[in-house]
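Start counting the sequence shown at 11; every next residue gets the next number (this note's numbering).
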Amino acid sequence: MLTEWIVPELVDEVLTACGRRDAKPRPLSGQFMVYFVLALALFQQDSYDDVAENLVGALGEMDQSGRCHVGWGVG
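Right under this line is the structure:
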């Protein structure tokens, strides 16, 4: 699973360090976009649409803080 390799806390830390932490709720959070870019790199043979569909389909429930839990198995 992608989040086992790159935990959400690390993504949050990097977004904060880069000054890109979401100040308000958005349709596509910064955290989601990080996982999307990583998925694009891992699945280069797939189209953007296919990667987005797989990522959205693999999202678990979002917790109260609005963080996405990406449970996409890789490999």
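Even for Gly, the Cβ is constructed at its ideal location relative to N, Cα and C.
Where does residue 33 fall in DSSP's three states? Locating residue 33 in the sequence shown gives position 23, counting from the first residue. In the structure shown, residue 33 adopts coil according to DSSP, grouped into three states.
What's the C-alpha gap between residue 26 and residue 46? Residue mapping note: residue 26 aligns to position 16 of the sequence shown, counting from 1. Residue mapping note: residue 46 aligns to position 36 of the sequence shown, counting from 1. Going by the C-alpha atoms only, they are around 18 Å apart.
For residue 41, count neighbouring Cβ atoms within 10 angstroms of its own Cβ and tell me buried if that reaches 16, exposed if not. One-based indexing of the sequence shown puts residue 41 at position 31. Classification for residue 41: buried.
Any idea what DSSP makes of residue 54, helix, strand or coil? As a working note, residue 54 is residue 44 in the sequence shown. Three-state result, residue 54: coil.
Between residue 65 and residue 49, is the Cβ-Cβ spacing less than 8 Å? As a working note, residue 65 is residue 55 in the sequence shown. As a working note, residue 49 is residue 39 in the sequence shown. It is a contact, given that the beta carbons lie within the stated cut-off.
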